[in-house]
Amino acid sequence: MVTRLRDVLELAERSWPTAGAEAWDSVGLVSGSPEAAITRILLAVDATQITVGEAVDTSSDLLLVHHPLLLRGVTTVAETTAKGALLATLIRARCALIAAHTNADVVETGTSAALAAALGLEGAVPIVVSSDHPSRGLGRVGLLPEPMTLGALARRVASILPATATGIRAAGAFDRVVETVALCGGAGDSLLSEPAVVSADVYITSDLRHHPASEALEETLARGSGPALIDTSHWASEWLWLDHAARELREAFPEVEVEVSELRTDPWDFAIPQ
34 MVTRLRDVLE LAERSWPTAG AEAWDSVGLV SGSPEAAITR ILLAVDATQI TVGEAVDTSS
94 DLLLVHHPLL LRGVTTVAET TAKGALLATL IRARCALIAA HTNADVVETG TSAALAAALG
154 LEGAVPIVVS SDHPSRGLGR VGLLPEPMTL GALARRVASI LPATATGIRA AGAFDRVVET
214 VALCGGAGDS LLSEPAVVSA DVYITSDLRH HPASEALEET LARGSGPALI DTSHWASEWL
274 WLDHAARELR EAFPEVEVEV SELRTDPWDF AIPQ
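Start counting the sequence shown at 34; every next residue gets the next number (the numbering used here).
And the structure:
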């Protein structure tokens with residue numbers, strides 16, 4: 034039996050329904066013919082020169098990524114542009130491109146759920162519940178198997194995520210004991226004011242900007258309660274999801290070779306401690 038790209042698209046719609054994507058998002062098939070035969074799939078967080086190169090070098094028929102290549106308006110795909118060159122490379126190699134972004138964030142096996150599972154959180158539920166599906170939504174909040182210090186949790190996070198130049202940053206006393214953990218894979222400072230985050234002992238997310246993080250910490254001081262913060266690499270926090278997606282693809286298409294790229298697409302190469 035030959036697996037076609039349309040078969041993978043049907044699975045993607047079942048696993049990560051496009052209806053679950055944010056209105057501003059751009060998900061689904063980016064390039065490729067639905068009738069193309071699929072024998073090898075490569076998964077990555079980003080479509081970049083190195084992951085596109087890996088897909089081509091390994092004769093992959095499909096590159097499935099988390100972050101959309103064409104998220105914002107594009108007026109040209111000329112090969113003089115970075116995105117145009119990437120698309121041309123994929124098309125010449127007959128390698129299709131699919132993006133599963135916010136539609137893959139909210140599902141039961143999505144980016145935040147994958148991070149919660151890696152931490153062993155118990156009773157994890159969405160921070161913001163989907164209006165049409167109570168087990169889906171943005172972020173997750175749950176309990177650690179046993180309380181631990183913030184410092185120990187930060188080290189635990191560092192041990193389960195792939196290493197990056199910026200590592201793990203934390204705000205809060207190193208020896209503060211935490212148990213209730215709220216988290217959001219990828220950029221999650223928009224959830225800082227959510228009740229489930231405010232009432233948690235610690236909030237783990239990525240790309241925490243100065244002002245939202247500072248204001249959240251000041252609110253914690255004013256209230257006398259609130260979460261400590263752990264900031265991670267955006268790429269690293271979402272990379273864990275790829276294994277979950279790969280498992281779903283392997284179960285549906287046992288005849289297809291499915292691999293997860295281990296190439297780092299975090300943008301930072303090194304950091305200088307002060």
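Think of the CB as a built atom: it goes at the ideal place given N, C-alpha and C, for glycine as much as any other residue.
Distance between T51 and V60, taken at the CA atoms: about 7 Å. Between L250 and A278 the beta-carbon gap is near 34 Å, outside 8 Å, which marks them as no contact. Around the beta carbon of E227, a 10 Å sphere encloses 16 or more other beta carbons of the protein chains shown; the residue is thus reported as buried. Around the beta carbon of A233, 16 or more other beta carbons sit within 10 angstroms, so the residue counts as buried. Sequence-distant partners of W268 (beyond 5 residues in either direction) whose C-beta falls short of 6 Å from its own C-beta, in its chain, are V78, T298 and D299.
DSSP, read as helix, strand or coil, puts S64 in strand.
In the DSSP annotation of this structure, the continuous segment of the alpha helix (DSSP H) that includes A118 starts and ends at A115 to R125.
Residue pairing by DSSP puts M181 in a beta bridge opposite V211. Leaving aside the five residues that flank E212 on each side, the residues in its chain whose CB is nearer than 7 Å to its CB run, in chain order, L176, L177, P180 and D234.
Ranking V110, A198 and T265 by CA distance to the CA of W301 puts A198 first. Residue V41 holds the alpha-carbon nearest to the alpha-carbon of E68 among V41, V85 and A54.
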